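Take the sequence shown: its position 161, counted from the start at 1, is 161 in UniProt numbering, and no numbers get skipped.
Backbone N, C-alpha and C define an ideal beta-carbon position, used for all residues, glycine too.
All values derive from a computational prediction rather than experimental measurement.
One structure below.
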Amino acid sequence: MAMSAQDSDIQEAARLWAIRVQEPAFDDWTGFTEWLERDPSHLAAYEAALDDEAWAVALFSAAPAVEPDALPVRRWWLAGSAAAAAAVAVVGGWMVLDRDAPAQQIATAPGEHRTIELADGSRLALNGATRVTIDPDTPRQVVLEHGEARFDVRHDASDPFVVVSGGTRLVDAGTVFNVVQDGDALEVAVAEGAVIYQPGPGEVRLAPGDTLTRQGKSAKPLLGKASPQTVGSWATGELQYDNPALDQVARDLTRSIGRPVRSAGGAGRLRFTGTLVLRGTPEEVLARAGPLLGVEFIADGEGWTMSPAHGPPR
Numbered sequence: 001m002a003m004s005a006q007d008s009d010i011q012e013a014a015r016l017w018a019i020r021v022q023e024p025a026f027d028d029w030t031g032f033t034e035w036l037e038r039d040p041s042h043l044a045a046y047e048a049a050l051d052d053e054a055w056a057v058a059l060f061s062a063a064p065a066v067e068p069d070a071l072p073v074r075r076w077w078l079a080g081s082a083a084a085a086a087a088v089a090v091v092g093g094w095m096v097l098d099r100d101a102p103a104q105q106i107a108t109a110p111g112e113h114r115t116i117e118l119a120d121g122s123r124l125a126l127n128g129a130t131r132v133t134i135d136p137d138t139p140r141q142v143v144l145e146h147g148e149a150r151f152d153v154r155h156d157a158s159d160p161f162v163v164v165s166g167g168t169r170l171v172d173a174g175t176v177f178n179v180v181q182d183g184d185a186l187e188v189a190v191a192e193g194a195v196i197y198q199p200g201p202g203e204v205r206l207a208p209g210d211t212l213t214r215q216g217k218s219a220k221p222l223l224g225k226a227s228p229q230t231v232g233s234w235a236t237g238e239l240q241y242d243n244p245a246l247d248q249v250a251r252d253l254t255r256s257i258g259r260p261v262r263s264a265g266g267a268g269r270l271r272f273t274g275t276l277v278l279r280g281t282p283e284e285v286l287a288r289a290g291p292l293l294g295v296e297f298i299a300d301g302e303g304w305t306m307s308p309a310h311g312p313p314r
C-alpha cells in the first residue's frame, strides 16, 4: 500500500526529531514530548525511524565503532553527541551504561518504561515521560530531571548513593525507593532500607513504608505511610494500591500508559485498594481498571475522563 502524504510527513518529522535529540545543544524536551503525545502514530514513527537499522547506522556514523549487538538502536534517545549515544548498549528493555561514556541525559517517551543497570550494580527503572542525567564519573549519583523512577541501590556505607531531584538530595541507606518529580512537587516512598531526605541538621530519615511529599521547593514536607509492597509497583507491570484517592490513580495511569487520564464528577475523591495490571494497550488497561475502580473511562481527545460509575469501587 502506498504511503499517504500525511504518513510521509510524520515519518520525516520523526527522523528530524531523532536527529535533533542527538545534538549536544538540544534542550527542547517539552516540544519533543508534546509532539509524541499529539498522536499515537508519532511514537510509532519515531521508534520505526530508530528501528530502521540502515538509517540508524547512518545517523550514528560519526560515532566510534559500536559492537554489532548495540544496533539497531531501539526506543531511547540521549541529549548528547553520537559518541555518547554509542556508549549505551540496549538489550530489550534494558540499558547498560558504559563507565567510560560521558555524562548522558536519558529520557523515556510517554508510556514507555526503561530499566538501566549502573556500573556499581544498582538499577533504576524509568516510568513514562521521565528524564535522568547520569555521569559515569560519579556513578553513585543520579539526577532526576522530571518524571518517576524506582531505585534499587547496591548499598555501600563508604560511598552513599545520592539522588538529586529538584535541587533536593536523597541519600541511600540500603534501599529500594521511588521518586516522582513533577514540576516543583516531589514525592518519595521507601520500600526497603532507608532514605535520608536533605542530609544535614534538618534531615528526615524515611524507613520502609514511609512517604514524603512536598508541593514546592519552599513548602514544608509532609510525611505519610504506604504499604512497602506498593512502592514503585509500576516497574513490575502493576499498580498496587492501599486506599489512595483516585486522583492519585489517575496520575499514575497517565504516566504508565502515556495518555492523559483526568478525574471528573467526584471520581477523584473515591478510594481504591487492589491491583491494576498494566499489560496491553491503554484501552485494554482502562477496560480492566474501570470495573475495579468503580468508574467509567470516557474518551476525551487524546486521553480519557474518569467519572463515577453506578455503585462504589469494589
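Report all residues from its chain with a CB closer than 6 Å to the CB of residue i; omit the five preceding and five following residues, and keep chain order.
i           : result
F151        : L124, F177
V231        : N178, A189, A191
residue 349 : Absent from the model: residue 349. The displayed extent of the chain is 1 to 314, so no value can be given.
D135        : A103
V153        : S122, F161, D172, T175
According to DSSP, is residue i helix, strand or coil?
i    : result
L212 : strand
H155 : coil
F161 : coil
S41  : helix
P136 : coil
L186 : strand
I196 : strand
A13  : helix
P308 : strand
E117 : strand
A289 : helix
E145 : strand
E112 : coil
From residue i to residue j, what distance separates their C-alpha atoms?
i    : j    : result
V143 : V132 : 5 Å
G301 : D39  : 10 Å
A267 : T275 : 18 Å
P139 : A299 : 43 Å
P291 : S158 : 49 Å
A84  : D137 : Any answer about A84 is weak, because its pLDDT of 31 lies below 50 and its placement is not dependable; what the coordinates show is given next. C-alpha separation (whole angstroms): 14 Å.
Q181 : R288 : 28 Å
G202 : P110 : 36 Å
A14  : R259 : 19 Å
A119 : E47  : 27 Å
A279 : K217 : Correcting the residue identity first, residue 279 is Arg in this sequence and not Ala. The straight-line gap from Cα to Cα measures roughly 35 Å.
A245 : D184 : 21 Å
G121 : I106 : 18 Å
A49  : T108 : 16 Å
H42  : I19  : 15 Å
E284 : P199 : 43 Å
A219 : W35  : 33 Å
L126 : S263 : 25 Å
Would you grab the beta carbon distance between residue i and residue j for me? Rounded to a whole angstrom, and I think it's under 8 Å.
i    : j    : result
S227 : D242 : 4 Å
I257 : P221 : Not confirmed; about 29 Å, so no contact.
G128 : H146 : With a Cβ gap of about 11 Å, G128 and H146 do not count as contacting.
T211 : G224 : 4 Å
A149 : T130 : 6 Å
Q11  : A45  : 5 Å
Go through its chain and collect everything with a Cβ distance to residue i's Cβ below 7 Å, but skip five positions before and after it.
i    : result
V163 : V142, L144, F151, L170, V179
G265 : S307, P308
Q240 : Q229, T230, S233, T275
R205 : A194, I196
D7   : none
E37  : P110, E302
D9   : none
Excluding the 5 residues preceding and the 5 following residue i in the sequence, name in chain order all residues of the same chain whose CB lies nearer than 8 Å to its CB.
i    : result
H155 : F161, D172, A173, G174, T175, G193
L286 : L253, I257, V261, F297, W304
Using a Cβ-Cβ cut-off of 7 Å, state whether residue i counts as contacting chain D.
i    : result
D210 : The chain inventory of the structure shown lacks chain D, comprising one protein chain alone.
Quiz item: Which ranges does the alpha helix (DSSP H) cover as unbroken runs of at least 4 residues, wholly within the segment 202-278, from first to last along the chain?
Solution: Counting only runs of 4 or more residues that sit fully inside the segment 202-278, the alpha helix (DSSP H) segments are 246-257, in chain order.
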